[in-house]
Each structure stands twice: as structure tokens, then as C-alpha cells.
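Count along the sequence shown from 1, add 10, and you get the number used in this note's numbering.
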Amino acid sequence: MQIVRLKLKNWRNFREVDIPLGPRTVVIGANASGKSNLLDVFRFLRTVAQKDGGGVQKALRERDGLVKLRSLHARRDPEVRIEVELRAAPPEEPHVWRYVLALRSEGTGQQRVLVAEERVERDGVPILERPDAADRKDKERLTQTHLEQIGSNGDFRALAESFAATTYLHLVPQLLKHGDEIATRIPENDPFGQGLLQRIAKTPRQTRDARLKRIQKALADAVPLFSELRFEQDAVTGLWHLEARFTHWRTHGAWQRENQFSDGTLRLIGLLWALQEGDGLLLLEEPELSLNDGIVARVPLLIDRVLRSRKRAATSRQVLVSTHSETLLAHSQGDALLLIEPSANGSTIRPPTAEEAEQMQHGLNPAEVLLPKTRPDSLDQLGLWE
Ligand SMILES: Nc1ncnc2c1ncn2[C@@H]1O[C@H](COP(=O)(O)OP(=O)(O)OP(=O)(O)O)[C@@H](O)[C@H]1O
Ligand SMILES: [Mg+2]
11 MQIVRLKLKN
21 WRNFREVDIP
31 LGPRTVVIGA
41 NASGKSNLLD
51 VFRFLRTVAQ
61 KDGGGVQKAL
71 RERDGLVKLR
81 SLHARRDPEV
91 RIEVELRAAP
101 PEEPHVWRYV
111 LALRSEGTGQ
121 QRVLVAEERV
131 ERDGVPILER
141 PDAADRKDKE
151 RLTQTHLEQI
161 GSNGDFRALA
171 ESFAATTYLH
181 LVPQLLKHGD
191 EIATRIPEND
201 PFGQGLLQRI
211 AKTPRQTRDA
221 RLKRIQKALA
231 DAVPLFSELR
241 FEQDAVTGLW
251 HLEARFTHWR
261 THGAWQRENQ
271 FSDGTLRLIG
281 LLWALQEGDG
291 LLLLEEPELS
301 LNDGIVARVP
311 LLIDRVLRSR
321 KRAATSRQVL
331 VSTHSETLLA
341 HSQGDALLLI
351 EPSANGSTIR
361 PPTAEEAEQM
371 QHGLNPAEVL
381 LPKTRPDSLD
391 QLGLWE
């Protein structure tokens, strides 16, 4: 299932959003313009729809409540509203879905956060409309969505599963390399990649080998002197490790473990693994970090290649990327592009205008046309303090 349109009201630093999404979408904007906040909408829906231990109250708790979530720019109507339109194509049952979730604080009494509206449409026909009579009788019901309840989402289970299948990746190499020393706890869904080795270890052998082979192929192109990748269990500790062989002056080269890999190599491995794991929406936060520009230029191609090489109709996997990289953007021709523009009234998001699209058709790349528009006017002053 692919999300083709997103509408938001009062979501973090956005008052109003109404944007199209493509199979691949790249979102750009200045620091603090709201890129991560935009990606967070889909992480929120994932938590709401999660089967074990998810739910809307949990998603709110993780964000310190509706008060923190609701836009400071909100005016008279303080409701937080998410609306998504999704399209399923064969081999899935072909349907157009719409899901609406609006939340508001009760304001009095227990100060609960309640579902102000929950709505599901399939091919334009409403199959859920809340609040319903039962909700009006028992307000407590409005503390939960039907999306999160297996007993209530039978008619739109595919929708719930699609939200729950979202992956978010913002791999931090240091956490993976020094996980033992830092003794950090691995957060749920492992967005920073600390649990990558455990996840690889848990994958059935055949699948694991096939995935690592694809990664090996990509690394051979991207990382100088790299020649081989393997996944080995330490005979003494029983822990699993990634090992890479680099061509070396010694005839057989040298094997290195992941804590000796370069940051970029690790990030690339994390990215390539994530692309192959799961079918849901993949959220990639600044995939360019630590990577050489020459590789960044090939990231869009790499994403495409890996997705196409998978067995299932993997081209249907949707990817949403946030980036600051001129190179990545320059090589994102053909992807849907979104530009975030901050203002005193909150940020707005838009696709390229007709004029900008025309400039791109006439040979300018997306970075040349769009990036200058994401630079704050005050930037000239940066570093010129007296
Ligand atoms: N409820 C809210 N109302 C208004 N603004 C908010 C709200 N919650 C968060 N923000 C603001 O949204 C801004 C954008 O944050 P976000 O992390 O999405 O930026 P970003 O584009 O990802 O930036 P970067 O490129 O630095 O990662 C932050 O300055 C934050 O203070
Ligand atoms: Mg960010």
C-alpha cells in the first residue's frame, strides 16, 4: 500500500499541510523547518496501529502528550488532525483507502485525550465513522482508536498492517560500534541501528545470506579496497559480528570487524539492510551522513536497485527521505520532491511550482532549482558576529 496524500492540521510546527507523496519522495528544508516532524507523522501512526502494546495513548505518551504535539501556531480550533490517502495495487486487493484521525484534549474533568474523529473510507465508501452512538454513551471508548483494536479493525486490517509496517532509520554508527561500552538500551524499533547485528542474527539463514550478498555487491562498488562481507559468530563469546575483508598487501587480505569499519561503511550497510527488511513505508533520515559525495550521488540509484532486486513486488515499497544534501537532491530526478518553508505562522510544505518543474525539465537539477529556496535569509550573517 502506498500513501499518496497527506493532510495535517496543527501537527507540531505545521498548522496546515496538504501534500502528494510518490513511491519515492525527498523532503528538503532548512534546519528546524520540520523535516523530522513530517516523518514523525508516520511513526506516530505506526505506534497507534502496532499490534502488541501500541495504541494512540502510547503514541501520545512517547511525545509527552498532545500539548507538546499540538502546534504552538494553532488558532481557535485546537484539534490535531491527520488524514492519509492510500492506494493498494495488485498483488494486494486494489483499493483507495482514506484514514482520518483527529484528537483533542477533554479540557475538563480527567483531562483525557479523546478521539474527536476517526474515519475510514474504502473507495469513497465510509466503513468507519466515529464518534458513533456507543462512543457517545461511553466516552472512555474515545481514548482508543479502532485502528489499534483487532476486534474493531477487521474491515480495514490491511490499513492497520500497512501503518504498522513502517520502518524509520537514522543509523548512528557510534552506537552500533560501541554499544557494549555505552551500555545503551536499544529503543523500540531500533531507529539508530544499535540492534542491527541482533536483527541480522535473527534472520533465517537463506534470507540473511541473500541480503548480505546484495550488500556485498553494493559495497564492492562503493568502498575502496573492500572485497568480501560475512557474518560470523565468535567462538568464545557466542556474539555475532559483521566482518569485511579488504584487499591488502598480504595475499589474503585482512578481515575486520564492524567496530573497525568506517562510519560510512556502517551507515551504508544499515541502509542496505533496512531496504531489504520489510515491505512497509521506509523513512530515511538524512541518509547522506558520513558518506562520500560520490556515494551520496548513487544513493537514489542504490535504493532503486536493491528494491528491484528483491523477490517480492518490492518496487512497491515506498521510501520517504529527508536530506540536506545537494548531491543527493541533484540525483533525485524522477522522485517526488517536497520543500518545507518556515514562516512566523508555522512551516508550510509544497511540491515544486509549475515554474520550478519547468526549470527542471529544461536541464536544471532539483538541487539547483530548489535548494536556494531552503536557505534562511539571515544565513549571510552567520559567523559575522562582532
Ligand atoms: N508543537 C509544536 N509547535 C510548534 N513547533 C514545534 C512543535 N513541536 C516541535 N516544534 C518545532 O519544530 C521545529 C522543527 O523540528 P524538526 O526536528 O522537524 O526540524 P528538521 O527540519 O528536522 O531540522 P534538522 O534539519 O535540524 O534536523 C523545532 O524547532 C521544534 O521546536
Ligand atoms: Mg531533523
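Note that beta-carbon positions come from the ideal geometry of N, C-alpha and C, so glycine has one too.
*asked:* Strictly by DSSP, which residues pair up with Val125?
replied: DSSP output for Val125 lists Leu113 as bridge partner(s).
> DSSP state of Asp28, grouped into three classes?
Replying inline: In this structure, Asp28 counts as strand in the three-state DSSP scheme.
Handout entry: Beta carbon of Arg22 nearer than 7 Å to that of Asn47
Key = In this structure, Asn47 lies closer than 7 Å to Arg22 by Cβ.
- What is the DSSP secondary structure of Phe241, reduced to helix, strand or coil? For Phe241, the three-state secondary structure derived from DSSP is strand.
* **Where Thr411 falls, given that 16 or more other Cβ within 10 Å makes a residue buried** => Since the displayed the chain opens at 11 and closes at 396, residue 411 lies outside it and no answer follows.
>> Taking the alpha carbon of Val51 as the reference point, which residue from Val36, Leu18, Val37 and Arg25 has its own alpha carbon closest?
In response: Closest option to Val51, Cα to Cα, is Leu18.
* Taking one C-beta from the segment 285-296 and one from the segment 324-334 each time, how about it: are there three or more such pairs within less than 8 Å? -> Contact between the segment 285-296 and the segment 324-334 is present, because at least three Cβ pairs lie under 8 Å.
Quiz prompt | Cβ neighbours of Ala40 in the same chain (closer than 8 Å, five flanking residues each side left out) | solution = Answer for Ala40: Ile350, Pro352, Thr384, Arg385 and Pro386, listed in chain order.
Alpha-carbon to alpha-carbon, Leu235 and Pro100: Rounded to whole angstroms, the gap between the alpha carbons of Pro100 and Leu235 is 42 Å.
- Message: Is Lys45 close to ligand 2? I mean its beta-carbon at under 6 Å from any heavy atom of the ligand.
- Response: Under cutoff, so the answer is yes.
Check your understanding: Would you say the beta carbon of Asn23 comes nearer than 6 Å to a heavy atom of ligand 1?
Key -> The closest heavy atom of ligand 1 lies less than 6 Å from the beta carbon of Asn23.
Worksheet item: Helix, strand or coil for Ser332 per DSSP?
Response: Here DSSP, grouped into helix, strand and coil, assigns Ser332 to strand.
- Message: Since Lys68 and Ala174 should fall inside the 8 Å C-beta cutoff, what is the C-beta to C-beta distance between them, to a whole number of angstroms?
- Response: For Lys68 against Ala174, the beta-carbon gap comes to about 13 Å, at or over 8 Å, which does not count as contact.
Check your understanding: Phe271: which of Leu49, Arg53 and Leu185 sits nearest, CA to CA?
Key -> Nearest C-alpha to Phe271: Leu185.
Report yes if the C-beta distance between Ala112 and Pro104 is below 7 Å; otherwise report no. In this structure, Ala112 sits away from Pro104, with a CB-CB distance that is not shorter than 7 Å.
- Task: Using 6 Å as the cut-off, classify the Cβ of Ser300 as near or not near the heavy atoms of ligand 1, replying yes or no.
- Result: For Ser300, the shortest separation between its Cβ and any heavy atom of ligand 1 does not lie below 6 Å.
inquiry  = Give me the DSSP bridge partner(s) of Pro136.
reply    = Beta-bridge analysis with DSSP links Pro136 to Glu131.
- CB-CB under 7 Å to Val14, same chain, minus the five flanking residues each way: which ones, in chain order? Within the same chain, Val14 has close Cβ partners Pro30, Leu31, Glu95, Leu96 and Arg97.
_Rounded Cβ spacing between Gln226 and Leu206 (contact assumed at less than 8 Å)_ = Their Cβ separation, rounded to whole angstroms, is 16 Å, which puts Gln226 and Leu206 out of contact at 8 Å.
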